[in-house]
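The next block holds one structure in the form of structure tokens; read it before the comments.
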Ligand code: HOZ
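Residue numbers (the working numbering): 613 to 1045.
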């Protein structure tokens, strides 16, 4: 028995599903988690000493590659001065100034500890600011695990086939209205009926928790106009796209200005961080200036600020990082697309910049219903082959592939070759050869 299997046997006895976050359990691919003991650059190594080219990248934040020495040194230096003060620090001011400078729609920002917390707080702020209770989200978009957002959510809930979590009070879910991603008329229909009660429309500008689904041309612009027309706030959840599609995230990439933006792990360089921000006018409703309460002992934690500030500063100083990760994404998508053609496979490759996804379905994937048409058994078979041949993908059809600055041309070629070996074998088996 492998060491990962042994650890998993122990883990299931003391942790639900043996994990601290559901997708990691490998349930949907019919296997057990590979326990990771270290990571560097584009590689992770499991407890059995097997190394993999990693495309999970801690679900986004390792944009420079794993264990970047500059970030590690910044954390060590900060740790030497103390791990947590529960008090104001210089670094959190520098961090806030940096985010406000890099993201034009953000004039003020509040640091929190995760994307879930950021979104939960932004929703409360939108409700407090507008005096309205309802929110609109899109089926298949995932905004963390707070009550009002676990309605038709993506990521682990989609992977596990539980679109509406137990434990969410009916009254809470009733204030969450769901629309169809990439269909602004579905939002308009809700707003026409209940516009005066809607505090916010929240969207992942590129949906990256139902696989990767790009916004159609004009979709985000339509949301902007509708929100302005009906007096609702537009919230961009940039937990995945922020500082990945560019320094100004998806809002810069698509040229749409939200009222509030949420960030997550990406601004922590590997430490637990989140943030929400927007105009001075809206953010001044947050306590202690305003009456929307939100607080946290570890918010602005000195280690997290040191890691995040170092990472964002490097990203700002080195535009070549974005060129490189986008090129890697493009190389992968192009290579995969021609492979699908070569083997005449009814699958679809999607993505933008350094995000990608191979959907095991033929039709263009534009929303939750289309994403759900994917053949998840076919994904599981592909996933296991890739894993057994040194490629560490997210263990779910409904997650993204993340490229980092540490991925090289050689890594992408090796990944494509591995996929090619799988697909040629798969085709031979299918043809009974
Ligand atoms: N919700 C994350 C993916 N979208 C998974 C988090 C994790 O397992 O680390």
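Glycine included, each C-beta is placed from N, C-alpha and C at the ideal position.
Owing to the predicted nature of the structure, the values given are computational and were not obtained by experimental measurement.
field: Cβ neighbours of residue 1024 in the same chain (closer than 6 Å, five flanking residues each side left out)
entry: Within the chain shown, numbered from 1, the residue matching residue 1024 stands at position 412. Excluding positions up to five away in sequence, the list reads 940, 943 and 944.
message: Which of the three DSSP states is assigned to residue 1024 in this structure?
response: For the purposes of this step, residue 1024 is taken as the residue at position 412 of the chain shown. Residue 1024 falls in the helix class under three-state DSSP.
- request: Inspect the CB distances between the segment 621-630 and the segment 978-991 and report whether three or more fall short of 8 Å.
  value: They do not touch, by the three-pair rule.
message: So the candidates are 1026, 1028, 989 and 1010; which of them puts its Cα closest to the Cα of residue 769?
response: Within the chain shown, the letter at position 157 stands for residue 769. It is 1010 whose Cα lies nearest to the Cα of residue 769.
message: Looking at the ligand HOZ, does it come within less than 7 Å of residue 768, judged from the CB to the closest heavy atom?
response: Taking the first residue of the chain shown as position 1, residue 768 is located at position 156. Indeed, a heavy atom of the ligand HOZ lies less than 7 Å from the Cβ.
message: Using only the alpha-carbon positions, how far apart do residue 947 and residue 1029 sit?
response: Reading the chain shown from its first residue, position 335 is the one you call residue 947. Reading the chain shown from its first residue, position 417 is the one you call residue 1029. For residue 947 and residue 1029, the distance between alpha carbons rounds to 10 Å.
message: Going by beta-carbon coordinates alone, are residue 765 and residue 874 separated by less than 8 Å?
response: The residue you call residue 765 lines up with position 153 of the chain shown. The residue you call residue 874 lines up with position 262 of the chain shown. Not in contact: residue 765 and residue 874 (Cβ atoms no closer than 8 Å).
message: Is residue 980 near the ligand HOZ - that is, is its Cβ less than 7 Å away from at least one heavy atom of it?
response: For the purposes of this step, residue 980 is identified with residue 368 of the chain shown, where counting begins at 1. It does not: the Cβ of residue 980 is nowhere closer than 7 Å to a heavy atom of the ligand HOZ.
- prompt: Between residue 614 and residue 1008, is the Cβ-Cβ spacing less than 8 Å?
  reply: To locate residue 614, count along the chain shown from 1; it is residue 2. To locate residue 1008, count along the chain shown from 1; it is residue 396. Cβ atoms of residue 614 and residue 1008: not closer than 8 Å.
- request: Pick out whichever of 715, 701, 662 and 852 has its Cα sitting closest to the Cα of residue 867.
  value: Locating residue 867 in the chain shown gives position 255, where the first residue counts as 1. Ranking 715, 701, 662 and 852 by Cα distance to residue 867 puts 715 first.
query: So what's residue 948 in DSSP terms, helix, strand or just coil?
result: On the chain shown, residue 948 is found 336 positions in, with the first residue counted as 1. Residue state, collapsed to three classes: helix.
- prompt: Is there contact between the segment 927-937 and the segment 699-708, where contact requires at least three CB pairs shorter than 8 Å?
  reply: The segment 927-937 vs the segment 699-708: no contact.
- request: Take residue 916 as the anchor and find which of 955, 646, 677 and 694 has the nearest alpha-carbon.
  value: Here the question's residue 916 lines up with position 304 in the chain shown. When only C-alpha atoms are compared, the closest one is 694.
- request: Note the first and the last residue of the continuous beta strand (DSSP E) segment covering residue 969.
  value: Stepping through the chain shown from its first residue, residue 969 is reached at position 357. Residues 967-971.
task: Output the distance between the C-alpha atoms of residue 791 and residue 690, rounded to the nearest integer angstrom.
output: Reading the chain shown from its first residue, position 179 is the one you call residue 791. Reading the chain shown from its first residue, position 78 is the one you call residue 690. Spanning the two alpha carbons is a distance of roughly 44 Å.
- prompt: Going by the C-beta, is residue 821 closer than 7 Å to any heavy atom of the ligand HOZ?
  reply: As a first step, residue 821 is located in the chain shown; it is residue number 209 there, counting from the start. Under cutoff, so the answer is yes.
- prompt: DSSP on residue 727, reduced to helix/strand/coil?
  reply: Locating residue 727 in the chain shown gives position 115, counting from the first residue. Three-state DSSP puts residue 727 in a helix.
query: Tell me, which residues are paired with residue 805 by DSSP?
result: Within the chain shown, the letter at position 193 stands for residue 805. Answer is none; residue 805 lacks a bridge partner.
message: Just to confirm my understanding: we take residue 1004, look at its own chain, exclude 5 residues before and 5 after, and list those with CB closer than 7 Å. What are they?
response: For the purposes of this step, residue 1004 is taken as the residue at position 392 of the chain shown. Cβ within range, chain order: 656, 664, 665, 666, 667 and 668.
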